[in-house]
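Residue numbers (the working numbering): 6 to 104.
Have a look at this one:
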């Protein structure tokens, strides 16, 4: 059994940016469906309440699903910065220039 190191996951492996973008769009779609459901209920009061309720419920499920999936992929509770530990920022601090 051979292992491919590119397929192994480690805590330092960042999730792909397109996956995070897709989850953000799914959450945005959920918010959009909730707003559309509320607008349908306000603008057309004769519309069946089940249509409005299902639209809002679908939006809520999209939003909650996207938040849970984002938390599972990004794992923000495992990867957080400690403000007391300095991090390398790409520049070295050199002493005074020699004359």
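For glycine and all other residues, C-beta sits at the position ideal for the given N, C-alpha and C.
From a predicted model like this one, the values you see are computed outputs, not experimental measurements.
Assign residue i to one of three DSSP states: helix, strand, or coil.
| i | result |
| --- | --- |
| residue 60 | helix |
| residue 85 | coil |
| residue 53 | coil |
| residue 95 | coil |
| residue 90 | coil |
| residue 19 | coil |
For the putative contact between residue i and residue j, defined by C-beta atoms under 8 Å, what is the C-beta separation to the nearest angstrom?
| i | j | result |
| --- | --- | --- |
| residue 29 | residue 67 | Wrong, their Cβ atoms sit about 12 Å apart, outside the cutoff. |
| residue 70 | residue 57 | Going by Cβ atoms, the distance from residue 70 to residue 57 rounds to 20 Å, so no, they are not a contact pair. |
Take residue i and list the residues in its own chain whose beta-carbon comes closer than 8 Å to its own, dropping the five residues that flank it on each side.
| i | result |
| --- | --- |
| residue 93 | none |
Among residues of its own chain, excluding the 5 on either side of residue i, which ones have a beta-carbon nearer than 6 Å to its beta-carbon?
| i | result |
| --- | --- |
| residue 61 | 39 and 42 |
- Item | Touching by the beta-carbon criterion (3+ pairs, under 8 Å), the region 74-85 and the region 20-27 | yes
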